[in-house]
Amino acid sequence: SAVISQKPSRDICQRGTSLTIQCQVDSQVTMMFWYRQQPGQSLTLIATANQGSEATYESGFVIDKFPISRPNLTFSTLTVSNLSPEDSSIYLCSVEGGGLGYGYTFGSGTRLTVV
Amino acid sequence: AQSVSQHNHHVILSEAASLELGCNYSYGGTVNLFWYVQYPGQHLQLLLKYFSGDPLVKGIKGFEAEFIKSKFSFNLRKPSVQWSDTAEYFCAVNEAGGYNKLIFGAGTRLAVHP
């Protein structure tokens, strides 16, 4: 199955700044997904990233706040911009594990605290 | 729109007790179903999945789940829990066919006491 390396694992950021999270996969994958897990809550999909095209954002999430890059089939970044305390969450990337029928693999997550 | 409902938010059991966690989904088409587990301080791991075929699916660590199409349910079961099963359990669904996004339930936090 695919192995994901997500960086940073955690960060504390000042209000108004931005944080860029990297997701590196050890194999080529078609789709990469970015999720947010707010404290004590479930996972909410932010956007789906295809290589070579713009990310598709879910309702309530916009590109200006969560710009995503997908330069190739093994890498993606999510930037959380203009940070506020409400952005304090765990952010996770996910990919298909090893083809259709395998399931989805998740990164270890980035715990963001905004102060 | 798809949605997933997990009925139990917190479950407390003693070791050796049986476990059943409820999961119902709302979607008009064909779906794939998943159960993920998140142990304290660790990342999400896939417990089991249903894509097609036998509706009784066996996963890792002695877990199983049964897909009942008529009830739109995919309940997770384990006959005898251990302290090490203490974790949060998430049911998820996506539309069948292709690499489609997962929709997660709210999660069930399970605490198993020795």
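Taken in order, these protein sequences are the chains called A and B.
Under the working numbering, the first residue of the first sequence carries the number 1, and numbering increases by one thereafter.
Under the working numbering, the first residue of the second sequence carries the number 116, and numbering increases by one thereafter.
Every residue, glycine too, gets a C-beta built ideally from N, C-alpha and C.
Here the structure is a predicted model, which means the values were calculated and not measured.
Going by CA-CA distance only, name the one from Leu73(A), Asn82(A), Val80(A) and Ser84(A) that's closest to threonine 30(A). Leu73(A)
Taking beta-carbon pairs under 8 Å, can you tell me which members of the segment 162 to 194 of chain B lie near chain A? Lys164 and Phe166
So, for glutamine 24(A): in the same chain, excluding its five sequence neighbours on each side, which residues have a beta-carbon less than 6 Å away from its beta-carbon? Here the set comprises Ser5 and Phe75.
Range of the contiguous beta strand (DSSP E) that encloses glutamate 96(A): 89 to 96
Determine, using beta carbons only, whether serine 120(B) and asparagine 139(B) come nearer to each other than 7 Å. yes
Return yes when the Cβ of tyrosine 151(B) is within less than 7 Å of the Cβ of leucine 136(B), no when it is not. no
Every unbroken beta strand (DSSP E) inside the segment 182 to 210 of chain B [3 residues or more]: 188 to 193 and 202 to 210
My understanding is that tyrosine 165(B) touches phenylalanine 182(B), with C-beta atoms under 8 Å, so please give their C-beta distance in whole angstroms. 5 Å
Starting from glutamine 6(A), trace the beta strand (DSSP E) in both directions and tell me its first and last residue. 4 to 7
Neighbouring residues, chain B, relative to glutamate 96(A) (Cβ below 8 Å): Tyr214
Among Thr113(A), Val115(A), Gly103(A) and Ser94(A), the one whose alpha carbon lies nearest that of leucine 43(A): Ser94(A)
Distance, arginine 10(A) Cα to phenylalanine 61(A) Cα: 22 Å
Quick one: which chain A residues come within Cβ less than 7 Å of glycine 222(B)? Ser42
Do arginine 192(B) and histidine 125(B) have their CB atoms nearer than 7 Å? no
Answer with yes or no whether the minimum CB distance from histidine 158(B) to chain A is below 7 Å. yes
Going along the segment 135 to 157 of chain B in order, which residues come within less than 7 Å of chain A, judged by CB to CB distance? Phe149
Please classify aspartate 200(B) as buried or exposed, where buried requires at least 16 other C-beta atoms within 10 Å of its C-beta. Burial state of aspartate 200(B) is buried, judged by a 10 Å Cβ sphere holding 16 or more other Cβ atoms.
On the three-state DSSP scale, how would you describe proline 71(A)? Here proline 71(A) carries a strand assignment [DSSP, helix/strand/coil].
Over what stretch of residues does the beta strand (DSSP E) that includes glutamate 86(A) continue unbroken? Looking at the DSSP string, glutamate 86(A) is not in any beta strand (DSSP E), and its letter there is neither H nor E.
Any non-hydrogen atom of the ligand NAP within 6 Å of leucine 73(A) CB: Ligands in the displayed structure: none, and consequently the ligand NAP is not present.
If you reduce the DSSP assignment to three classes, tell me which class isoleucine 218(B) lands in. strand
What separation, rounded to the nearest whole angstrom, lies between the Cα atoms of glutamine 143(A) and proline 170(B)? This structure leaves residue 143(A) out entirely; chain A is present only between 1 and 115.
Just tell me which of Ala202(B), Glu210(B), Phe219(B) and Gln117(B) has its CA closest to the CA of glutamine 157(B). For the residues Ala202(B), Glu210(B), Phe219(B) and Gln117(B), the minimum Cα distance to glutamine 157(B) belongs to Ala202(B).
Based on Cα-Cα distance, which residue from Ser84(A), Gly40(A), Gly107(A) and Val115(A) lies nearest to leucine 159(B)? Gly107(A)
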